[in-house]
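Some notes on the structure that comes next.
Next comes the structure, spelled out in structure tokens:
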């Protein structure tokens, strides 16, 4: 007699359900306790061209360092390098990118030219001395340096902090770095002059201009140079006033010669009076 094989026992559905719920609960609990890190955005690497100095002033950074941009001159421009073509670009897009790259290369060549001149015979450091001759010499060197390096006004103002010290640098720090005033070069020089020189300095220079006479040892060039220097520092003296001052206070024989030639101080130009006086002096 063949015995019948009993059927296998059915799994306990309650146990399976409990186990499944337990696993789900454990997974949810782990998900709650393990922080999920969001992927970091991928940026286009630009290597050495990356400009870290465009960030706001940090705790460890001083304005003196921010005002020394020789190490990062042009970095903001290099960070804008046009991207290359892609297969998916349209013909018009590729054309626009070619033009952008051409313009970028032209500007890059100018930047290289500028960088080669930035440290080439720069202006001396002006510390804010109330000396008109020193100030004028510094202004002249800054203008020449700006022209040689083909710098814009904005670029020049950013770099000027490198060539200022003492009281003059304090003005630069206040007006250019802190207040970020939009100066032209002439406005910057005028405001710096008013900051470092005494309030009555221009009045004193005007008085010296009115009292300035041609001494026996002074040539025509010496006297005119002295008048021009005083006129520049007085601030509000025009060419006509220089002509009148020369006419009234030059050596008598020079004045007599000008009168004989029919010239008058209210009509003759400064260039003409200089030429005629030099010719009379050499005769």
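Residue numbers (our numbering): 868 to 1150. Positions of the beta carbon are idealized from the N, C-alpha and C atoms, including for glycine.
Of all Cβ atoms in chain D, is any one closer than 8 Å to the Cβ of residue 1140?
Looking at the structure shown, chain D is missing, and only one protein chain is on hand.
Taking buried to mean at least 16 other C-beta atoms within 10 Å of its own C-beta, is residue 916 buried or exposed?
Residue numbering aside, residue 916 sits at position 49 when the chain shown is read from its first letter. Residue placement at residue 916 is poorly supported in this model, since its pLDDT is 39, which falls under 50; the coordinates still yield a value, given next. That one is exposed.
Does the stretch 997 to 1017 come close enough to the stretch 1061 to 1075 to have 3 or more Cβ pairs within less than 8 Å?
Below 8 Å, enough C-beta pairs join the stretch 997 to 1017 and the stretch 1061 to 1075 to call them touching: three or more.
Is residue 1013 buried or exposed, if buried means 16 or more other CB atoms sit within 10 Å of its CB?
Start at 1 with the first residue of the chain shown, and residue 1013 comes out as number 146. Residue 1013 comes out buried.
For residue 993, which residues does DSSP report across the bridge?
Looking up residue 993 in the chain shown gives position 126. Answer is 1031, bridged to residue 993.
Proximity winner among 1057, 1142, 1043, relative to residue 1002 (alpha-carbon distances)
Residue 1002 sits at position 135 when you count from the first residue of the chain shown. Checked all of 1057, 1142, 1043; the closest Cα to residue 1002 is 1057.
Within 10 angstroms of its Cβ, does residue 1072 collect 16 or more other Cβ (buried), or is it exposed?
Taking the chain shown and counting its residues from 1, one reaches residue 1072 at position 205. Residue 1072 should be labelled buried.
Specify the secondary structure class of residue 1119 as computed by DSSP and reduced to three states.
Working through the chain shown from its first residue, we reach residue 1119 at position 252. Correct three-state label for residue 1119: helix.
Exposed or buried, residue 1126, counting other C-beta atoms within 10 Å across all chains shown (16 or more means buried)?
The count along the chain shown starts at 1 and reaches residue 1126 at position 259. Looking at its Cβ environment, which holds fewer than 16 other Cβ atoms inside 10 Å, residue 1126 is exposed.
Close beta carbons around residue 1100, own chain, < 6 Å, minus the five adjacent residues each side:
Indexing the chain shown from 1 puts residue 1100 at position 233. Result list for residue 1100: 999, 1072, in chain order.
Apart from the five residues on each side of it in sequence, which residues of its chain come closer than 6 Å, Cβ to Cβ, to residue 1023?
Working through the chain shown from its first residue, we reach residue 1023 at position 156. For residue 1023, where only same-chain residues beyond five positions count, the Cβ hits under 6 Å are 1013.
So what's residue 1042 in DSSP terms, helix, strand or just coil?
By 1-based counting over the chain shown, the position of residue 1042 is 175. In the structure shown, residue 1042 falls within a helical segment according to DSSP collapsed to helix, strand and coil.
For a quick check, are the C-beta atoms of residue 989 and residue 1036 less than 8 Å apart?
Along the chain shown, read from residue 1 onward, the residue named residue 989 stands at position 122. Along the chain shown, read from residue 1 onward, the residue named residue 1036 stands at position 169. In this structure, residue 1036 does not lie closer than 8 Å to residue 989 by Cβ.
Counting pairs of beta carbons, one from the stretch 1040 to 1051 and one from the stretch 1109 to 1121, are three or more of them closer than 8 Å?
no
How is the alpha helix (DSSP H) around residue 999 delimited, first residue to last?
Sequence index remark: in the chain shown, residue 999 carries index 132 (1-based). Unbroken alpha helix (DSSP H) run through residue 999: 999 to 1016.
Verify whether the separation of the beta carbon atoms of residue 1076 and residue 1059 is less than 8 Å.
As a first step, residue 1076 is located in the chain shown; it is residue number 209 there, counting from the start. As a first step, residue 1059 is located in the chain shown; it is residue number 192 there, counting from the start. Result no, Cβ atoms of residue 1076 and residue 1059 do not sit closer than 8 Å.
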